[in-house]
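Peer 1:
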């Protein structure tokens, strides 16, 4: 009788998840397999795999070289980020950490594992006070020079004006035509002309540092004003073009009207549309800040206009560009493709940074929180982050600190940036 052969030790076949994950780490993951991997990593098995990779990576190679995320993968995954804050320093990722953060699963907890810092006491000592986030507030100046303070405590308020019907409601300032100033109502027998003899009045809306407001113009156009911004506009649009002027940053959702093009003036740039959605950044950045030495940063006059939907014509001096959705004009002769989620983050209640320097981040922080920023050390790392704008500044800074690349001191309204 033949001797019974003991079966060889059974080897568990490599799971589909492990195969996909290994393919990702080696750069061999196919485009059509990305979604499958992302979904698989959401499972208990996927979470366990990520945890083991992170733990192994920290124990075996805590000083591993950074891994640059491929631009196409990063772009593909940006839409998958959850609402919880995430901050990463792209100069110092290790393989496992990069993969975990990339797939939007481990989030901030990755850094609690990777950067084992007992900084609670030090943080309390460095954060001597806090700064609240910005809110809905603005100043409305009527055509007679009267100034009205607007804030979020007023849920509904009718504003008295002789030349417009104005209503303040839940963060909006809403204009509507009046019988004496009918705005876009066509003149009898001439659909291309407004009512003759109607006087045009102009109002101004200003947001302070740490303020924002939404404006509904008389033609139905919606305007979102960021902090430290302004818009000069008519209380009604009569014949001819619909024209407004802005400073700072604003987002427009223009009501269609083929008979009356909508024109926005911002510094040396003019934007002409019929009906579309776009963002204009006309800030004098860098935002004024304190430095460790004398002098101040020179502001740039560049206006960045980014189209989200429709089409617009952008004229800067004698140069004219026609933009398609996802393109940006910055005063040069070139169209730039940009990350719309990053551009519109402020409007959507978020900070989004995609490879941003600490200075560009602190420009936005200073404007939104009303802070003065001092730079003690030179921070060269770039950051990727998604953080809500409705949290105190201490929370935002702590998220940034979890990268281990930057620390902050908060005293009064001054934030000191240091290593």
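In the working numbering, the protein residues as written are 393 to 811.
Beta carbons are placed, not taken as given, at the ideal position from N, Cα and C, and that holds for glycine.
From residue 593 to residue 542, what distance separates their C-alpha atoms?
Peer 2: Residue numbering aside, residue 593 sits at position 201 when the chain shown is read from its first letter. Residue numbering aside, residue 542 sits at position 150 when the chain shown is read from its first letter. If I take the Cα positions, the gap works out to 20 Å.
Peer 1: Could you check where the beta strand (DSSP E) with residue 557 kicks off and where it finishes?
Peer 2: As a working mapping, residue 557 is identified with position 165 in the chain shown. First-last of the beta strand (DSSP E) with residue 557: 557-561.
Peer 1: Can you tell me where the beta strand (DSSP E) holding residue 744 begins and where it ends?
Peer 2: What you label residue 744 is simply residue 352 of the chain shown in a count that begins at 1. Here the beta strand (DSSP E) through residue 744 covers 742-749.
Peer 1: Applying the 10 Å Cβ sphere with the 16-neighbour rule, what's the burial state of residue 555?
Peer 2: For the purposes of this step, residue 555 is identified with residue 163 of the chain shown, where counting begins at 1. So residue 555 counts as buried.
Peer 1: What is the DSSP secondary structure of residue 800, counted as helix, strand or coil?
Peer 2: Along the chain shown, one-based indexing puts residue 800 at 408. Of the three classes helix, strand and coil, the one that applies to residue 800 here is strand, per DSSP.
Peer 1: Which one or two residues does DSSP pair with residue 774 in a beta bridge?
Peer 2: Counting from 1 along the chain shown, the entry for residue 774 is found at position 382. 749.
Peer 1: Below 8 Å, can you find three or more Cβ-Cβ pairs linking the region 731-751 to the region 703-713?
Peer 2: Cβ pair count under 8 Å is below three, so no.
Peer 1: Can you find at least 3 beta carbon pairs, one from the region 714-729 and one from the region 556-567, that sit closer than 8 Å?
Peer 2: Too few Cβ pairs lie closer than 8 Å, so no.
Peer 1: Is residue 787 helix, strand or coil when you go by DSSP?
Peer 2: For the purposes of this step, residue 787 is taken as the residue at position 395 of the chain shown. DSSP places residue 787 in helix when its eight states are reduced to three.
Peer 1: Kindly indicate which three-state DSSP category residue 601 falls into: helix, strand or coil?
Peer 2: Translated into positions along the chain shown, residue 601 becomes position 209. Correct three-state label for residue 601: coil.
Peer 1: Drop a sphere of 10 angstroms on the beta-carbon of residue 436, count the other beta-carbons inside from all chains shown, and report buried for 16 or more, exposed for fewer.
Peer 2: Within the chain shown, numbered from 1, the residue matching residue 436 stands at position 44. Exposed, because fewer than 16 other Cβ atoms sit within 10 Å of the Cβ of residue 436.
Peer 1: Using alpha carbons as the reference points, say which of 655, 641 and 605 lies closest to residue 629.
Peer 2: For the purposes of this step, residue 629 is identified with residue 237 of the chain shown, where counting begins at 1. Of 655, 641 and 605, the residue nearest in Cα terms is 655.
Peer 1: For residue 529, which residues of its own chain have a beta-carbon under 6 Å away from its beta-carbon, when the five flanking residues on both sides are left out?
Peer 2: Residue numbering aside, residue 529 sits at position 137 when the chain shown is read from its first letter. Answer for residue 529: 543 and 603, listed in chain order.
Peer 1: How should residue 626 be labelled, buried or exposed, when 16 other C-beta atoms within 10 angstroms of its C-beta is the threshold for buried?
Peer 2: Taking the chain shown and counting its residues from 1, the one referred to as residue 626 is at position 234. The residue in question, residue 626, is buried, as its Cβ has 16 or more Cβ neighbours within 10 Å.
Peer 1: According to DSSP, is residue 628 part of a helix, a strand, or is it coil?
Peer 2: Mapped onto the chain shown, residue 628 falls at position 236. Of the three classes helix, strand and coil, the one that applies to residue 628 here is coil, per DSSP.
Peer 1: Contact check, residue 723 vs residue 661 under 8 Å by CB: the rounded distance?
Peer 2: Indexing the chain shown from 1 puts residue 723 at position 331. Indexing the chain shown from 1 puts residue 661 at position 269. Sure, about 7 Å apart at Cβ, within 8 Å.
Peer 1: Between the region 724-736 and the region 760-768, are three or more C-beta pairs nearer than 8 Å?
Peer 2: No: the two stretches stay apart, fewer than three of their Cβ pairs being nearer than 8 Å.
Peer 1: Figure out for me which residue from 745, 674 and 519 has the closest Cα to the Cα of residue 779.
Peer 2: Your numbering for residue 779 matches position 387 in the chain shown. Nearest of 745, 674 and 519 to residue 779, Cα basis: 745.
Peer 1: Could you please give me the residues that DSSP links to residue 697 through a beta bridge?
Peer 2: Residue mapping note: residue 697 aligns to position 305 of the chain shown, counting from 1. Partner(s): 672 and 721.
Peer 1: For residue 708, write down the residues that DSSP places opposite it in a beta bridge.
Peer 2: Counting from 1 along the chain shown, the entry for residue 708 is found at position 316. According to DSSP, which records beta bridges pairwise, residue 708 is partnered with 661 and 711.
Peer 1: So for residue 423, helix, strand or coil by DSSP?
Peer 2: Residue 423 sits at position 31 when you count from the first residue of the chain shown. The answer is helix: DSSP assigns residue 423 an H, G or I state.
Peer 1: Which residues does DSSP pair with residue 530 in a beta bridge?
Peer 2: For the purposes of this step, residue 530 is identified with residue 138 of the chain shown, where counting begins at 1. DSSP lists 542 as partners of residue 530.
Peer 1: Return the residue from the list 609, 651, 787 and 727 that minimises the CA-CA distance to residue 566.
Peer 2: Residue 566 sits at position 174 when you count from the first residue of the chain shown. Comparing Cα-Cα distances from residue 566 to each of 609, 651, 787 and 727, the minimum goes to 609.
Peer 1: Would you tell me roughly how many angstroms separate the C-alpha atoms of residue 534 and residue 432, rounded to the nearest one?
Peer 2: Residue numbering aside, residue 534 sits at position 142 when the chain shown is read from its first letter. Residue numbering aside, residue 432 sits at position 40 when the chain shown is read from its first letter. Distance between the alpha carbons of residue 534 and residue 432 is about 58 Å.
Peer 1: Please check the pair residue 759 and residue 619, which I expect to be a contact at CB under 8 Å, by giving their CB distance rounded to whole angstroms.
Peer 2: Stepping through the chain shown from its first residue, residue 759 is reached at position 367. Stepping through the chain shown from its first residue, residue 619 is reached at position 227. At roughly 5 Å, the Cβ-Cβ gap stays under 8 Å, so residue 759 and residue 619 are in contact.
Peer 1: Does the beta-carbon of residue 537 have 16 or more other beta-carbons within 10 angstroms, so that it is buried, or is it exposed?
Peer 2: Translated into the one-based positions of the chain shown, residue 537 becomes position 145. The residue is exposed, with fewer than 16 neighbouring Cβ atoms inside 10 Å.
Peer 1: Per DSSP, which one or two residues make a beta bridge with residue 716?
Peer 2: The sequence position of residue 716 within the chain shown is 324, counting from 1. None, per the DSSP bridge assignment.
Peer 1: Given residue 729, which residues of its chain have a CB within under 7 Å of its CB, disregarding the five upstream and five downstream residues?
Peer 2: Counting from 1 along the chain shown, the entry for residue 729 is found at position 337. Around residue 729: 718 and 719.
Peer 1: In terms of alpha-carbon separation, which member of 753, 763 and 776 lies closest to residue 747?
Peer 2: Mapped onto the chain shown, residue 747 falls at position 355. Answer by Cα proximity: 776.
Peer 1: Output needed for residue 806: all residues of its chain with C-beta closer than 8 Å, excluding positions within five of it in sequence on either side, in chain order.
Peer 2: Locating residue 806 in the chain shown gives position 414, where the first residue counts as 1. Same-chain partners within the cutoff: 682, 763, 764, 765 and 766.
Peer 1: Hey, out of 644, 809 and 803, whose CA is closest to residue 520's CA?
Peer 2: Taking the first residue of the chain shown as 1, we reach residue 520 at position 128. Closest option to residue 520, Cα to Cα, is 803.
Peer 1: Just curious, the beta strand (DSSP E) that residue 568 is in, first and last residue?
Peer 2: On the chain shown, position 176 is the one that residue 568 refers to. Residues 564-568.
Peer 1: Where do the ends of the beta strand (DSSP E) carrying residue 645 lie?
Peer 2: To locate residue 645, count along the chain shown from 1; it is residue 253. Element bounds for residue 645: 634-645.
Peer 1: What does the alpha-carbon distance come out to for the pair residue 650 and residue 713?
Peer 2: Counting from 1 along the chain shown, the entry for residue 650 is found at position 258. Counting from 1 along the chain shown, the entry for residue 713 is found at position 321. Cα-Cα distance, rounded: 20 Å.
Peer 1: Give every residue of the same chain whose Cβ lies closer than 6 Å to the Cβ of residue 788, excluding the five residues on either side of it in the sequence, and list them in chain order.
Peer 2: Translated into positions along the chain shown, residue 788 becomes position 396. For residue 788, where only same-chain residues beyond five positions count, the Cβ hits under 6 Å are 779.
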